[in-house]
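Take any residue in the sequence shown, count from 1 to its spot, add 928: that is its number in this note's numbering.
Worksheet: the structure to be examined is printed underneath.
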Amino acid sequence: MSDTATLTRPAAQKVEHFDVLVVGAGISGVGGAYHLTKQCPGKSFVVLESQESFGGTWLTHRYPGIRSDSDLYTFGYRFKPWTSAPIATADEIRRYMAEVIEENDLGRHIRYGHKIASARWSSAANRWTLEATRADTGETVRFTANFLWMCQGYYRHEEGYTPEWAGMDDFQGRIVHPQTWPDDLDYRGKKVVVIGSGATAATLIPAIAADTAHVTMLQRSPTFFRTGRNAIAIADELRQLEVAEEWIHEIVRRKILHDQAVFTRRSFEEPETVKKELLSAVRGHLGDDYDIDTHFTPTYRPWRQRIAFVPDGDVFEGIRSGKASVVTDEIERFTGTGIQLKSGQHLDADIVVTATGFNLNVLGDIAFEIDDKPLVFSDTVTYRGMMFTGVPNMAWVFGYFRASWTLRADLVADFVCTLLNRMGEKQARRVTVALRPEDKDMKLLPWIDPENFNPGYLMRGMHLLPKRGDKPEWQHNQDYWAEKNELPAIDLDDKAFVYA
Ligand SMILES: Cc1cc2nc3c(=O)[nH]c(=O)nc-3n(C[C@H](O)[C@H](O)[C@H](O)COP(=O)(O)OP(=O)(O)OC[C@H]3O[C@@H](n4cnc5c(N)ncnc54)[C@H](O)[C@@H]3O)c2cc1C
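Shown next, in the form of structure tokens:
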């Protein structure tokens, strides 16, 4: 039953109540809103977003060349066909999201410029009370909600991660982080050093190389890349045959997911062969004389960190043309004119871009309390990376590392909507996951096994993340192929779900 009453507090402050409150209007939150309208049409809901518009990651990042590193057939929602080249710019992704919002009349549910500061659960009232600050008036506004759907992403949007290096204050040029790219940054004719060699560096460098005097990618250690055409042959062929876009979307998704599953399996079973294949593609762009061993041969096996897709090998073409170069070394200190490396080499720079990653932000910087006690998230155990022991009426979206994030956002949305409907059938006002008697002696482990996946932002923030157990129910499985069957089959009457 919908519960949309507007409550009046003693201080005459208006408190709006919703059945569901969605945190964030990125790809997960907008997807959540869509699924709520389709699967839980009777529920009232609101999406609160701190930024001025939708898009999340694709609004925050405005550096030149910003694009996806996975294909949009699977990064797009399962319900809305993607109809163009697989690797897309942030603008294209936001246009696609705008269509989803427009076509499904979701805009009326979203409040922009609402930064949530606190969320308090009361077991007496069986509801959450949230406080948010409005960007336009600075005023604090209150909401209550029966259920909280956390779509806040995994990193702090306001600022990226920049390590502290000696001498940074001495540097006469400009230091910028791609996450907070200044609109007025003029890199034309300048010497630019990009620190880092992940997807961001690989995107930024080809976008700016032609306009700079020179751009250097400075990395401590190399990264794996995949390269190929920014096109999907089967999609183009089906389009020529005038097959409906809904069909093309589904067929291409299956094809991509199948190929990715094979690639992921092979990178565990025959890592050396996969490594050779990846390196030989790079060699194809850079030629036999290039020092691939030093600059493009990581020490870890493929897929222990995310592998960025480089469309048409553009970053390698930049290197080949001489406009860009790679230096693999360590920073000794910044100087007035650039960066002094441990090898003795000095890199002259007018601008240094620190493409050094994110600050993990697991709960949207929201102060959580459960019945007046601060929530220590790292003390909880995760139920399949979606719910947490001792945290009632809350679900959380965390996507895949090795496959598109949205594949999981769609699956989690189905789970949340089914759970909400089930609570309605049971007339339950509260659901909490709890370890069962048979889980009592279960070994508790860190959120993710570093042997499996170990990017810096996760390693830096592991102590903030919930624990996992050694049973499938109590882990965040990174395998879409298993989860696409397992999540819809979850038994909501299992003892792990405690209703009240
Ligand atoms: C540059 C870059 C490229 C990427 N490319 C890919 C890719 O190609 N494929 C892929 O699968 N993944 C990619 N990722 C990972 C990507 O972040 C996710 O795939 C996806 O966009 C996350 O969507 P989200 O909606 O869950 O979170 P986000 O995009 O992070 O959005 C969360 C939203 O919640 C809001 N929010 C947070 N806290 C609060 C609060 N307290 N109050 C109100 N609002 C709040 C934020 O403002 C934000 O708008 C990329 C990440 C980056 C940074």
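A virtual CB, placed ideally from N, CA and C, is assigned to each residue, including glycine.
Heavy atom of ligand 1 less than 8 Å from the Cβ of Cys-1079, yes or no? yes
Could you tell me the alpha carbon to alpha carbon distance between Glu-1178 and Lys-1354, rounded to whole angstroms? 35 Å
Bridge partners - Gly-1266, DSSP secondary structure assignment = Thr-1263, Asp-1276
Query raised in the report: Should Tyr-1408 be counted as a contact of ligand 2 given a C-beta to heavy atom distance under 8 Å?
Result: No copy of ligand 2 occurs in the structure displayed; its ligands are ligand 1 alone.
query: Cα separation between Ala-961 and Gly-1081?
result: 15 Å
Cut-off 6 Å between Cβ atoms - residues of its own chain near Leu-1415, not counting five sequence neighbours on either side
Leu-1339, Phe-1343
DSSP puts Lys-1368 in a beta bridge; with which residues? Its beta-bridge partners do not exist; DSSP assigns none.
Practice problem: Return yes when at least one heavy atom of ligand 1 lies under 8 Å from the C-beta of His-963, else no. | Solution: no
Grouping DSSP H, G and I as helix and E and B as strand, with all else coil, what is Trp-1109? coil
(Q) So, with DSSP's three-state summary, where would you put His-989? (A) coil
If contacts are defined as beta-carbon pairs under 8 Å, then Gly-1126 and Pro-1106 qualify, I think. What distance do you get, rounded to the angstrom? The Cβ separation is near 10 Å, so there is no contact.
Hey, would you say Gly-1156 sits closer than 9 Å to Asp-1064, going by beta carbons?
no
DSSP three-state assignment for Ser-930, whether helix, strand or coil | Because Ser-930 carries a pLDDT of 44, less than 50, the predicted location of this residue cannot be relied on, and no value is offered for it.
Just to confirm my understanding: we take Trp-986, look at its own chain, exclude 5 residues before and 5 after, and list those with CB closer than 6 Å. What are they?
Ala-1018, Ile-1021, Arg-1022
**Prompt:** Opposite Leu-1000 in the DSSP bridges: which residues?
**Reply:** Answer is none; Leu-1000 lacks a bridge partner.
Just to confirm before moving on: does the CB-CB distance between Val-1243 and His-1223 stay below 9 Å? no
Problem set entry | Whole-number beta carbon distance between Arg-1084 and Asp-1293, since they are thought to touch under 8 Å | 7 Å
Phe-946: which of Ala-1138, Ile-955, Ala-1135, Trp-1077 sits nearest, CA to CA?
Trp-1077
Does at least one heavy atom of ligand 1 sit under 8 Å from the Cβ of Gln-1268?
no
Q | Nearest neighbour of Pro-1104, chosen from Ile-1123, Gly-1327, Asp-1187 [CA to CA] | A | The identity of residue 1104 in the sequence shown is Val, whereas the question assumes Pro. Val-1104 has its Cα closest to that of Ile-1123, out of Ile-1123, Gly-1327, Asp-1187.
- prompt: Given Tyr-1024, which residues of its chain have a CB within under 8 Å of its CB, disregarding the five upstream and five downstream residues?
  reply: Leu-1000, Gly-1004, Lys-1008, Trp-1010, Ala-1016
* Just how far apart, CA to CA, sit Ala-1053 and Leu-1291? -> 23 Å
Which residue comes first and which comes last in the alpha helix (DSSP H) that contains Trp-1333? 1333-1354
Fill in: Cβ separation of Phe-1071 and Val-975, assumed to be a contact under 8 Å, to the nearest whole Å
Actually they do not touch by this definition, with Cβ atoms about 11 Å apart.
Fill in: Continuous alpha helix (DSSP H) stretch holding Ile-1176: start and end
1173-1197
Note to self: Quick check on this structure: which residue in Ser-981, Phe-1075, Asn-1321, Ala-1094 has the alpha carbon closest to the alpha carbon of Ile-1038?
What the structure shows: Ser-981
Tell whether a beta-carbon distance below 9 Å holds between Met-1322 and Trp-1056.
yes
Self-check item: Spatial distance of Glu-1067 from Thr-1061 (CA atoms)
Solution: 6 Å
I'd like the list of long-range same chain contacts for Arg-1261, defined as Cβ closer than 7 Å, with 5 residues on each side in sequence excluded. Trp-1093, Ala-1094, Gly-1095, Gln-1268
Contacting residues, own chain, Cβ-Cβ under 6 Å from Ile-1235 (five flanking each side not counted): Phe-1152, Arg-1154
Point to revise | Neighbourhood of His-1391 by C-beta distance below 8 Å, restricted to the same chain and skipping five residues each side | key: Ser-1306
Quick one: using the 10 Å Cβ neighbour count with 16 as the cut-off for buried, is Thr-1192 buried or exposed?
buried
query = Is DSSP giving Phe-1153 helix, strand or coil here?
reply = strand
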